[in-house]
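Top line first, the protein sequences correspond to chains L, R, F and G.
Sequence positions in the first sequence follow the numbering used here and run 3 to 397.
Sequence positions in the second sequence follow the numbering used here and run 3 to 397.
Sequence positions in the third sequence follow the numbering used here and run 363 to 735.
Sequence positions in the fourth sequence follow the numbering used here and run 363 to 735.
Before any comments, here is the structure.
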Amino acid sequence: MLFAGQLSDEQAQFREEVRAFLAEHLDAGMVAADDAQRSMVADPERSKAWIALLRPRGWHAGHIAKEFGGAGLSPIENYILHYEMGLHGAPALPPMGLYYVAPTAIEFGTQAQRDEIVPRVLDGSDYWCQGFSEPGSGSDLASVAMFAERRGDAYFLNGSKIWTTDAQHANKIFCLVRTRRENTRDALSFMLVDMAAAGVTVRPIRLFSGDHDFNQVFFDDVEIPVEALLGEEGNGWAVAKFLLDIERGAFVFGGRLRRRFVRLCERAQNCATPLAGLWDKLAQLDIELLAYEVTELRLGHAALDRSNADAEASVVKIEWTELAQRIDELHIAISGPETLYADAAARGASTRDEGIAMPDWLAGYFNNRAASIYGGSNEVQRNLVYRALKQQRRR
Amino acid sequence: MLFAGQLSDEQAQFREEVRAFLAEHLDAGMVAADDAQRSMVADPERSKAWIALLRPRGWHAGHIAKEFGGAGLSPIENYILHYEMGLHGAPALPPMGLYYVAPTAIEFGTQAQRDEIVPRVLDGSDYWCQGFSEPGSGSDLASVAMFAERRGDAYFLNGSKIWTTDAQHANKIFCLVRTRRENTRDALSFMLVDMAAAGVTVRPIRLFSGDHDFNQVFFDDVEIPVEALLGEEGNGWAVAKFLLDIERGAFVFGGRLRRRFVRLCERAQNCATPLAGLWDKLAQLDIELLAYEVTELRLGHAALDRSNADAEASVVKIEWTELAQRIDELHIAISGPETLYADAAARGASTRDEGIAMPDWLAGYFNNRAASIYGGSNEVQRNLVYRALKQQRRR
Amino acid sequence: MDFHAAPEQQALIDSAVRLLQDHYSQTTSNARTEFDAERWQQFAELGWLGTALAEGNGGLGLPESMLNILVEALAPAAMPEPFVSQVSLAGYLLNAASPSARRDECMAKWLAGDELVALAHHEAREQACFGQPVHTRATARGDELVVQGHKAVVLDGGRADRLLVSARLNDSAAMLLLLVPQDAPGLEVTRHATFDGRELADVDLNGVVLSRDARLEFAEPVATRIDAALRSFALHLAADSLGTAKALFKLSHEHLAEREQFGVKLVEFQALQHRLVDMQLAITRLESLLALARTRSDADGVSSAREFIAAAKIQAGVVGRHLAHESVQLHGAIGMTEELLVGRYFKRLTANELLGGTGVEHLRVFRAQRALS
Amino acid sequence: MDFHAAPEQQALIDSAVRLLQDHYSQTTSNARTEFDAERWQQFAELGWLGTALAEGNGGLGLPESMLNILVEALAPAAMPEPFVSQVSLAGYLLNAASPSARRDECMAKWLAGDELVALAHHEAREQACFGQPVHTRATARGDELVVQGHKAVVLDGGRADRLLVSARLNDSAAMLLLLVPQDAPGLEVTRHATFDGRELADVDLNGVVLSRDARLEFAEPVATRIDAALRSFALHLAADSLGTAKALFKLSHEHLAEREQFGVKLVEFQALQHRLVDMQLAITRLESLLALARTRSDADGVSSAREFIAAAKIQAGVVGRHLAHESVQLHGAIGMTEELLVGRYFKRLTANELLGGTGVEHLRVFRAQRALS
């Protein structure tokens, strides 16, 4: 709806192609399971099945150039693809390999690394997780303490990473580690580690919903070959920065948010209790969601070349997370005491949903409070936006 | 309503006495004029007429001991008196003389000063204004720059004070001035100045509503006798602090706020446009107003002996100003386009209302934005509340 | 009009705090979630179950406000024991009922902590609030009553020894309150554990046969008394939320004061200080509304105080969400885990909002009482 | 789908900025409040009055979005000249009317900046919105029409040379739009200056006699066209609010960056930085909604874009209040005075919210269009 009259003929045709594809391949059970999923992050099994369907067109890697096995879509096409997938309830794709590792390997990898890493991400052989945060370091990546000591042709890793999504499913992890004791940025390096290596252990961290999204990963004298370095030793900060920058433009939340809002309105329409005052709130949410959809498009996707793209990514992050949380909150208000009952049908929609019995909308509400924390808390995002405003003022 | 079943028999009887008095003496024209007043501060003429009616009982100075000419009411009685006056639309009383100067003179004045100052405040001979803020000093009183140079038996004042309410009506001003060049607190002194003294000039500062509440007062080598010092030279900070502390417990906003809310509801009930969603907002306001009424009573009046009274005064200040502003804001939403018309009848309800033609509720909305700025901005108040929370935590 | 805790109030608070320290100090949010019979016995021995019951009924005869203060003091436990629902629903109704052999026996066992009693009144999951129709029927058959119907959102319905079931007599509008033992033939109770460690049940009554003396008698209409019990429940839930919100505030302040980022204690950031202040202001608002609701409930009874209870319950929801959201946010990722009490309090606050009438429902009550329309 | 300003858009913006710098740079909020005929002539010469008028009608033939961008660029002037109301009400309707001697003459004078034209449509002060009944009657009498009725909230009604008066023909439902000269006998116009320097009027038509050719003809029903003009007005008011909000943001940021308290620049306080960020986020939201409303208005016409115009107008009210309140607060006492532009912008934003349908009204429209109930 957002695009009527706004798309070029080619873009409109592409959207039709996407819609036709979704109508044909997206089965109702898959959609229902995704809607009922309690966790915020992609389900490994369902996303695998969905990727298998997308792979013939390369749409599981729309942003990756054709020469590397992706579809090589333009930013707008990629946006259309992901907006439509989100709107129609397609399973979310696991981002670590597709969005982070593959493009970073293409940018920084040796030819040998590219040849090994990229195909294995695209064909699903490798499932990656991220090793950035450490206990006590929060959003302050420069304080990374995990140490990689060079002995001969190998590094030996000691330390631990925390808030690692999907470490229980992944066979690979990329880590920001310290290769020198100095507290400078060039003391950091970027390494690729096999989760099966001796000395790697995973401790689950349960959310207060009981669900299992995150882990702590311990490294006890884990030996890895020097070839596991991505980029030069001491260049880890640049690699990590590149990887984090990908986030802008890689994710499209508009379609998924719109879907959640539509489902919320359906629930409100079928609600037994009178909700007079809530419809005004729903209308205000709808308006802000419309605003978000345009913002996401113009800041995140139509404007990738802009100079203050960092701040714009922060704006998008703040806006989608806070909108999503407000949608979730209204869901509780609309559902009322029924929320106290566990909905048995909704359990186990993801292999990560192991928690306390409760309806999906409630678990979603709880788990999604993390949205404004992970990937740099919204407080940090506000600091970043302010930094850009300050620079703008000086110009 | 707040007190049903909560008052002692004596207190209940006192309230009946107040109500009977108001029913007898508060005439409708006076009330209508007060309701229509655009300015936030007391009207000199109307308050004078009202004080004349209160004086036989000493209720214009309920908080001042009988020996000094007041009514010597208990804090609760004083609260009841002012709550009821506010609720029934009695003219507000000008605070500078009654609430600030008289109690401060009683505390710090010599016998001669007490004898001269207090009766002249209570009988209305003197009308005081306040000289604390200076251009550029904001809420930071320690940075006061106005200098009083001692030459013989006199001080010579040079500098200026700003945001002085009612300087255009007052015949006296009390000032915090610097008597030594050092930047320490004991360089400050507290002085009482005659506005008629040579070298005093007043420049009106118009609000953007065009109304005239504030002034800048210039002192050009103004000569005052050493007897004009209240407290010792160098003791100005303590005197000023005492004076500002009086604010807590001296003001009762609950009754006035409740009156404004009731008038807002009446307006909503007589409104032509359908306001479905607004009634929920009115209900939420009513709830927070109830909370405020209790908070004002328990923090500001029933608990004067508490150790963190400063922070509690800040809580009261934040709460009443932000509530008042929300009431004003809803008034606009309820009145709609009618607000664009100036209501001729409402003009000139105070001698300070000189501004641009507009309805009283709109001018009130504009002028009342200052409520969260003056007397220490709400940002400063939040800093003060935090300081108390910090101390509480350490205990 | 004294807002300081009176000595007897302080004594009650102190004993609650001691119990919490001895038996409820947990560091993980999913610690004990099972009902502990020993604890319940202790509540009985301390006289807490009978706090607001008449002395003639074996209670302490204290005003509703004292019970409310106790509930607030116990809140940091986020306990699995159903103290709030038992004292305000079962306790309130047993106390209000006229003496009879059945009622006296039931109350004695309840007061001794030997038995639990659950109110089975609501009939639809989505409408667990005030003034909903009761379709359950009790048909007189000789000396017996035959009960047919369905109940929902029955707190403690599974673990209770007896249920207090509301029903219409024959086809009349008259409402009855019937004591039904858990093992009565034809009674089917489906237990549901709630996400915050409480327990509720759906109840089917398929021709449950009761003797006539299963009927509790009241000096006033039964519907009025049930309504009052629900108001009392709402009042105490608001106190539970206040105590929980205060506990969250304390945890959050401690966390910010201890944790460093970029070499600075988090609490030194002014933006976070102001957010703590806004949390405190919200708590102060709820404290004031609860003080008002307490005073008015003591003075005029919970039914007359319904508008003030509604105000407190609505604000408890608003403040509860505010404190829950901010506490998690200020804690960061660790606040999302089950390792801290934060999540446990979050869940408790969420459940409190859904029980005893939601904000939407109480706003309807409030607006009607205050003629805001 | 390019969100950067296109070259022709940028040219328009640049010329607006130049004019502001030359003629509107004021430091006191109550500077010039009188209509300046010279300025108006300049608008005409620059072609601005005809921005969205068809080329055949002497306009530039640019889309509605270009006019909207111009309005946003001119907003920092908070000008007393009634640019927004003239181009969106008078301009829109004259452009839409079928050619006729009367209309052509009127439009030529209007386009040349020699005459102003005001739409007199609303009939009650409190209901200046959409779909309100029109009671004004035009009765056919021979070759003439006799008009009887009352109009309210007529923007520019006092200073306009002619009024566009909506009326029902005889007792039918058919609506007419009549060109009424300011000096017509029986026309009584009561001027009111608004608090933000605009002008509106109440208008009485006491048997005003018009010749038949006073009637403007339209290819579509008159009511549809008037409704569209009101939507266009709302769209441009939202742009005026956006431009004003941006100007306030800039002033506030400058103020905080320059002003010191306790020896520190105010802008160094993190709490204030975050508040600036929240102001910027609000502006971004409004920018996005306006971008949407512009695109949809160009693509499908303002009537079809009504839900998006409603969204933009509602958000303009929300964002306008937010920016106005925060700007005053961040400026402190000086922000309350007439010495800065802050107050002037505050008043303009407040008036914008009240004109062209309030938030309450547009929310009704939005909910109906989006089936949110």
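Every residue, glycine too, gets a C-beta built ideally from N, C-alpha and C.
{"Query": "Cβ neighbours of L391 of chain R in the same chain (closer than 8 Å, five flanking residues each side left out)", "Result": "A313"}
{"Query": "Simplified DSSP state of R729 of chain F, which is helix, strand or coil", "Result": "helix"}
{"Query": "Proximal residues to H484 of chain G (C-beta, below 7 Å), its chain only, five neighbours per side dropped", "Result": "A490, Q494, K513, A514 and V515"}
{"Query": "Chain G contact for Q632 of chain F (CB, 7 Å cutoff)", "Result": "yes"}
{"Query": "D564 of chain F versus R17 of chain R - alpha carbon distance", "Result": "52 Å"}
{"Query": "Residue range of the beta strand (DSSP E) that includes F221 of chain L", "Result": "F216 to P227"}
{"Query": "Start-to-end residues for the alpha helix (DSSP H) that takes in Q738 of chain F", "Result": "Absent from the model: residue 738 of chain F. The displayed extent of chain F is 363 to 735, so no value can be given."}
{"Query": "CA nearest to the CA of S659 of chain G, picked from G:V629, G:P425 and G:A440", "Result": "G:P425"}
{"Query": "Any chain L beta carbon closer than 7 Å to L549 of chain G", "Result": "no"}
{"Query": "Segment contact, 8 Å Cβ cut-off, at least three pairs: the stretch 208–228 of chain R with the stretch 37–51 of chain R", "Result": "yes"}
{"Query": "Beta strand (DSSP E) runs contained entirely in the stretch 88–174 of chain R, provided each spans 3 or more residues", "Result": "130–133, 149–153 and 156–164"}
{"Query": "Opening and closing residue of the alpha helix (DSSP H) in which V496 of chain G lies", "Result": "Careful: V496 of chain G lies outside any alpha helix (DSSP H) and carries neither H nor E."}
{"Query": "Backbone secondary structure at Q544 of chain F - three-state DSSP", "Result": "coil"}
{"Query": "Exposure label - A348 of chain L; buried when at least 16 CB within 10 Å", "Result": "Because A348 of chain L sits at a pLDDT of 47, beneath the cut-off of 50, its placement in the model cannot be relied upon, and the following sentence gives the value as read from the coordinates. By the 10 Å Cβ count, A348 of chain L comes out buried."}
{"Query": "Residues, ordered as in the chain, of the stretch 158–173 of chain R that lie near chain G by beta-carbon distance below 7 Å", "Result": "W165"}
{"Query": "Under 8 Å from the C-beta of H615 of chain F: neighbouring residues of chain R", "Result": "L391 and R395"}
{"Query": "Residue burial classification, Q372 of chain G (beta-carbon count within 10 angstroms, cutoff 16)", "Result": "exposed"}
{"Query": "Below-7 Å beta-carbon distance, G279 of chain R vs any chain L residue", "Result": "yes"}
{"Query": "is_contact[L28 of chain R, chain F] using C-beta, thresh 7 Å", "Result": "no"}
{"Query": "7 Å Cβ cutoff, D282 of chain L in contact with chain R", "Result": "yes"}
{"Query": "Whether S614 of chain F touches L692 of chain F by CB criterion (7 Å)", "Result": "yes"}
{"Query": "Given 8 Å, three or more beta-carbon pairs between the stretch 543–559 of chain G and the stretch 587–596 of chain G", "Result": "no"}
{"Query": "Interface flag, A348 of chain L vs chain G, CB-CB below 7 Å", "Result": "Its pLDDT being 47, under 50, A348 of chain L is placed unreliably in this model, and the value from its coordinates should be taken loosely. No, no contact with chain G."}
{"Query": "Cutoff 6 Å; reference D566 of chain F; Cβ partners in own chain excluding five residues on either side", "Result": "H512 and E550"}
{"Query": "Reduced DSSP secondary structure (H/G/I, E/B, other) of M537 of chain G", "Result": "strand"}
{"Query": "CA-to-CA distance, I320 of chain R to N380 of chain R, given in whole angstroms", "Result": "6 Å"}
{"Query": "Cross-strand partners of T552 of chain F (DSSP beta bridge)", "Result": "F:D564"}
{"Query": "For I696 of chain F, the nearest candidate out of L:S337, L:A35 and L:W165 (CA to CA)", "Result": "L:W165"}
{"Query": "CB contact check: L306 of chain L to chain G, cutoff 7 Å", "Result": "For L306 of chain L, the predicted structure reports a pLDDT of 49, less than 50, and the residue's modelled location is therefore unreliable. A value from the coordinates is still provided. Taking Cβ atoms only, chain G never reaches closer than 7 Å to L306 of chain L, which makes this a no."}
{"Query": "C-alpha gap between L55 of chain L and L124 of chain L, whole angstroms", "Result": "13 Å"}
{"Query": "Backbone CA spacing between Q327 of chain R and S374 of chain R [nearest angstrom]", "Result": "9 Å"}
{"Query": "Contact under 7 Å by Cβ, L411 of chain G with L473 of chain G", "Result": "yes"}
{"Query": "Buried/exposed call for L306 of chain R, threshold 16 Cβ in 10 Å", "Result": "Any reading at L306 of chain R must be qualified, since the residue scores a pLDDT of 49, below 50, and its modelled position is unreliable; no value is offered."}
{"Query": "Chain R contacts from the stretch 626–652 of chain F (Cβ-Cβ distance under 7 Å)", "Result": "Q635, H636, L638, V639, Q642, L643, T646, R647, S650 and L651"}
{"Query": "Where F624 of chain F sits in the DSSP three-state scheme", "Result": "coil"}
{"Query": "Under 9 Å (Cβ pairs) to chain L, residues found in the stretch 474–495 of chain F", "Result": "H484, A486, R487, E488, Q489, A490 and C491"}
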